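For this note's numbering, add 14 to where a residue sits in the sequence shown, where the first one is 1.
Where is the CB? At the ideal position from N, CA and C, for every residue including glycine.
Owing to the predicted nature of the structure, the values given are computational and were not obtained by experimental measurement.
For reference, the structure discussed in these notes is given below.
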Amino acid sequence: MNFLDLWTLPAVFAVAVLTGTGVGGGGLLVLYLTVFFGTEQIKAQWLNLVFFISVSLTAVPYHLSKRRVSPGILALFVILGIPGMAGGYLLRRVLPGDVLRRIFGGFLTAAGAIAFGKRGEVRGEEESRRK
């Protein structure tokens, strides 16, 4: 993979902007790396994890200071995330890459559908508050 490719910098910048605005940027980065660069799923997810941690190191303190994130919810996510990470690692050791790719694709599809549905709910709540 050539990180200095003409399209890489604008694509990564676009993914970063989308991530910052709340669009599932992690999934976008993995898709970009696997589809356009032919990166193996595991390597793409590893790069996504590095990207996510880098973004989180700046985003979490900001959102905590603006009271947009509950410290209790954040702690819960961290506590649940660590065993989830370990479980994912163990699954990687026993399941073939094709199965993991399908599971990941299904997860992204379900998460996107849920987020899309909730977005409509939030808009409806905002409109009813304005009235």
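Within the model, the alpha-carbon separation for residue 56 versus residue 50 is close to 15 Å. Collapsing the DSSP output to three states places residue 97 in a helix.
By the criterion of a C-beta distance shorter than 7 Å, residue 46 is surrounded in its chain by 25 and 29, once the five residues flanking it on both sides are discounted. Note on residue 43: 16 or more other CB atoms within 10 angstroms of its CB, so buried under the neighbour-count rule.
Counting along the chain, residue 57 sits inside the alpha helix (DSSP H) bounded by residues 55 to 79. Here residue 83 is near residue 74, since their CB atoms are less than 8 Å apart.
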